[in-house]
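In UniProt numbering, the protein residues as written are 1 to 240. Here is the structure we will look at, set down as structure tokens.
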């Protein structure tokens, strides 16, 4: 789903922070299981098939499969657009992101929670061998991702992540801040979060401006849910 591609792009930016943090902290493969950090943080958000169907109905997106031979840069394509004004629950967002069928989607076992103070949390696992292709498909700099992966000595399997922040989008302009980020149970230093925050906001805004299928008039967190007003595509073509 397109809104999940947007969320995925934001998650990708956050994962870049985490990967850089791993390099800074000197992550050593093999220690994660000793500390129990091979499992994502449990945010207490469960979902059902009904949650996924509810989300699908709200976004009004038809998903069509592309041939397996489709080039990476064309492995996810949107067509058309329509107006959407909906509120999404944490269970609906969690269901949709876990049922993403795009071949290169690197996030699994994800939970998304919106808190009473209008902060949002996300936890899950990153499949490392999909991360580079995912970044390339979304237009990120592959070299930067690979450098982070190499510096952090990431095993070619999975690692857990956790992020928390606050923010909103008005007329495609993003505002907010990241409150914390972790890999395993290791916190990413606040200095790294602060240094890279402006770059992430700029990257997300650029993607919104350059994508005709999605426009966000308003997106905000309130009453434990996410409110979205804007446009989303009619059809999404993906390699599964």
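Quick reminder that beta carbons are idealized off the backbone N, C-alpha and C, glycines included.
Among the residues of its own chain, which have a CB less than 6 angstroms from the CB of residue 125, if the five just before and after it don't count? Contacts found: 40, 108, 109, 158, 160.
Would you call the region 196-214 and the region 37-57 in contact, with 3 or more CB pairs under 8 angstroms? A contact between stretches requires three or more CB pairs, one per stretch, nearer than 8 angstroms, and the region 196-214 fails this requirement with the region 37-57.
Taking 6 angstroms as the limit between beta carbons, can you name the residues of its chain near residue 24, skipping five residues before and five after? For residue 24, the predicted model reports a pLDDT of 46, less than 50, meaning its position is unreliable; a value from the coordinates is still stated below. There are no such residues.
With DSSP as the reference, please indicate the residues paired to residue 113 in a beta bridge. In the DSSP output, where bridge partners are listed per residue, residue 113 has 121.
Quick one: Cα of residue 224 to Cα of residue 90, how far? In this structure, the straight-line span from the alpha carbon of residue 224 to that of residue 90 is close to 8 angstroms.
Alpha-carbon to alpha-carbon, residue 227 and residue 53: Straight-line Cα distance between these residues: approximately 18 angstroms.
Pull up the distance between the alpha-carbon of residue 94 and that of residue 61, whole angstroms please. A direct Cα-to-Cα measurement between residue 94 and residue 61 gives close to 17 angstroms.
Buried versus exposed, by CB contacts within 10 Å (16 or more), residue 202: Answer is exposed; the Cβ neighbour count stays below 16.
Using three-state DSSP, classify residue 202 as helix, strand or coil. Reduced to three states, the DSSP call for residue 202 is helix.
Backbone CA spacing between residue 198 and residue 174 [nearest angstrom]: Between residue 198 and residue 174, the C-alpha separation is close to 10 angstroms.
Suppose you measure from the CA of residue 28 to the CA of residue 166; what does that come to, to the nearest Å? With a pLDDT of only 46 at residue 28, under 50, the local geometry of the prediction cannot be trusted, and the value read off the model is given with reservation. Taking the Cα positions, residue 28 is about 31 angstroms away from residue 166.
If residue 221 sits next to residue 100, beta carbons under 8 angstroms apart, how far is it from one beta carbon to the other, in whole angstroms? Rounded, the Cβ-Cβ distance is 21 angstroms, inconsistent with contact.
Does DSSP put residue 193 in a helix, in a strand, or in coil? The three-state reading of DSSP puts residue 193 in helix, counting H, G and I together.
Of all the options 190, 138, 234, which has the alpha carbon lying nearest to the alpha carbon of residue 163? Here the closest residue by C-alpha is 190.
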